[in-house]
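Chemist:
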Amino acid sequence: MAYRDFKLPELVKKFGLTINKRKEGNKINLINGIVTTGNMWKFLQLQDQVVYIDFNEYYIKDIKKILGILSKAVN
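Here the working numbering = 1-based position in the sequence shown + 570.
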């Protein structure tokens, strides 16, 4: 997965959400993002002002791995 696979507007929305929440006094250091077709999943994180992209592609046949990543995101 390459950076170009993520639509810039989606990343901008995530940055905007972070900025708005900080203005409201909420401390948000980490936002998780998911891009999926339903069969294929990709993950990214926005931590402070740095975007981390998981370059792996996860397919629905690997549902345990996908659920593991999602579980880490909510804990």
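Note that beta-carbon positions come from the ideal geometry of N, C-alpha and C, so glycine has one too.
1) Out of Gly595, Asn596, Ile633 and Trp611, which has the shortest C-alpha to C-alpha gap to Phe625?
2) Using DSSP with H/G/I as helix, E/B as strand and the rest coil, what is Gly608?
3) Comparing alpha-carbon positions, which option in Asn645, Gly638 and Lys631 lies nearest Gly608?
4) Output yes or no for whether 9 Å exceeds the beta carbon distance between Gly603 and Gln615.
5) How is Gly603 classed by DSSP in three states: helix, strand or coil?
6) When the distance is taken between beta carbons, is Tyr628 closer than 9 Å to Phe613?
7) For Thr606, which of Lys597, Ile633, Leu600 and Leu587 has the nearest alpha-carbon?
Modeler: Checking against the coordinates, here is how it stands:
1) For the residues Gly595, Asn596, Ile633 and Trp611, the minimum Cα distance to Phe625 belongs to Trp611.
2) Three-state result, Gly608: coil.
3) That would be Lys631, whose Cα lies nearest to the Cα of Gly608.
4) Contact flag set, yes.
5) If DSSP states are grouped into helix, strand and coil, Gly603 belongs with the strands.
6) Taking 9 Å as the Cβ cut-off, Phe613 and Tyr628 qualify as a contacting pair.
7) Measuring C-alpha to C-alpha distances from Thr606 to each of Lys597, Ile633, Leu600 and Leu587 identifies Ile633 as the nearest.
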